[in-house]
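**Q**
Numbering (the UniProt record's numbering), first residue to last: 1 to 249.
1. I'd like the list of long-range same chain contacts for residue 138, defined as Cβ closer than 7 Å, with 5 residues on each side in sequence excluded.
2. I'd like the ranges of any beta strand (DSSP E) spanning at least 3 consecutive residues and lying wholly in the UniProt domain "TsaA-like" (7-147).
3. Under 8 Å, do residue 78 and residue 88 count as touching if we go by C-beta distance?
4. Please classify residue 248: does DSSP put it in a helix, a strand, or coil?
5. Exposed or buried, which one is residue 100 when buried takes at least 16 other CB atoms within 10 Å?
6. Please report the residue range of the alpha helix (DSSP H) in which residue 211 lies.
7. CA-CA distance, residue 13 and residue 210?
8. Looking only at C-alpha atoms, which of 18, 93, 4 and 11 sits nearest to residue 127?
9. Answer yes or no: do residue 24 and residue 192 have a C-beta to C-beta separation smaller than 8 Å?
10. Look at the Cβ atom of residue 44, then the Cβ atom of residue 116, and state whether they are nearer than 8 Å.
11. Measure from the alpha carbon of residue 221 to the alpha carbon of each residue in 32, 195, 131 and 60, then state which is nearest.
12. Got a sec, what are the start and stop residues for the alpha helix (DSSP H) residue 185 sits in?
13. Anyone know if the C-beta pair for residue 50 and residue 121 falls short of 8 Å?
14. My guess is that residue 280 and residue 162 are in contact by the Cβ rule of under 8 Å, so how many angstroms apart are they, rounded?
15. On a Cα-Cα basis, can you pick out the residue from 98, 145 and 107 that is closest to residue 65?
16. Return the CA-CA distance between residue 157 and residue 31, expressed in angstroms with no decimal places.
17. Under the DSSP definition of a beta bridge, which residues are partnered with residue 160?
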């Protein structure tokens, strides 16, 4: 008889992504930073001794927003246009049998906060407050497989939208004293086109909003090509995304 095990989170991560909409679909597509704080009292400085010898870490986490939701054996991955069904275990769908996810992130440094360690990482694709259940070092010789392939997602997605700021948004950058790093984060998130896949094949005049850190970013796609050749359509003047406004949430 298979035993049932209970997994308790060991940490939580603070990220700029305050809602699911806008989170990159994979890690390291955007240089978003996260701060990982341990919640298990046994995990202190002794538990992370030597961790800085590794440039990257695997984060195993829970899709905690989905714990009360059912999963299906087949899903429609965005990389297949959202039209083709494949098995859930052949994808990285967030709706899974045990709601466990994994992401590789870059370890920037270890900081001290109230005499406790905090891991500063980069390349996160996690919702703010996501519970972390384990951390493992990324080992290049074992984890990077030269002959590996994926017909479903052979290469990283290219930028789908050319992002520009409206005069109002540029003014708000100055008003809110926003850093170049934050503005770059906004652009990189929007370049990936967070909209549902089916929206990319239609003229779309809707104004969208995403919440990054403490700011509500409103944006729209203008002059969108209604017949893109693929998800990796090269940037042209027709793939234009305008940041309309930046307001404190």
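Just so it is clear, CB atoms sit at the ideal spot from N, CA and C, and this is done for glycine as well.
All values derive from a computational prediction rather than experimental measurement.
**A** Reading from the atomic positions:
1. Numbered from its first residue, the chain shown carries residue 138 at position 138. Excluding sequence neighbours, residue 138 sits near 54, 56, 57, 58 and 104.
2. 11-14, 33-38, 56-62, 100-113, 116-122 and 130-137
3. Locating residue 78 in the chain shown gives position 78, where the first residue counts as 1. Locating residue 88 in the chain shown gives position 88, where the first residue counts as 1. No.
4. Here the question's residue 248 lines up with position 248 in the chain shown. Reduced to three states, the DSSP call for residue 248 is strand.
5. Residue 100 sits at position 100 when you count from the first residue of the chain shown. Its Cβ having fewer than 16 others within 10 Å, residue 100 is exposed.
6. Within the chain shown, numbered from 1, the residue matching residue 211 stands at position 211. No alpha helix (DSSP H) contains residue 211, which is instead part of the beta strand (DSSP E) from 207-212.
7. The count along the chain shown starts at 1 and reaches residue 13 at position 13. The count along the chain shown starts at 1 and reaches residue 210 at position 210. When rounded, the distance between both Cα atoms is 19 Å.
8. In the chain shown, residue 127 corresponds to position 127, counting from 1. Checking every option, the nearest Cα to that of residue 127 belongs to 18.
9. To locate residue 24, count along the chain shown from 1; it is residue 24. To locate residue 192, count along the chain shown from 1; it is residue 192. Yes, the Cβ-Cβ distance between residue 24 and residue 192 is below 8 Å.
10. Walking along the chain shown from the start, residue 44 turns up at place 44. Walking along the chain shown from the start, residue 116 turns up at place 116. In contact: residue 44 and residue 116 (Cβ atoms closer than 8 Å).
11. The residue you call residue 221 lines up with position 221 of the chain shown. Taking only the C-alpha atoms, the option nearest residue 221 is 195.
12. Here residue 185 corresponds to residue number 185 of the chain shown, with the count starting at 1. Run containing residue 185: 180-191, per the alpha helix (DSSP H) assignment.
13. Looking up residue 50 in the chain shown gives position 50. Looking up residue 121 in the chain shown gives position 121. Against a cut-off of 8 Å, the Cβ pair of residue 121 and residue 50 comes out as no contact.
14. The shown model of the chain, from 1 to 249, leaves out residue 280, and the question about it has no answer.
15. For the purposes of this step, residue 65 is taken as the residue at position 65 of the chain shown. That would be 98, whose Cα lies nearest to the Cα of residue 65.
16. Counted from its first residue, the chain shown places residue 157 at position 157. Counted from its first residue, the chain shown places residue 31 at position 31. Each residue's Cα considered, the two are about 15 Å apart.
17. As a first step, residue 160 must be located in the chain shown, where it is residue number 160. BP columns for residue 160 are empty, so no partner.
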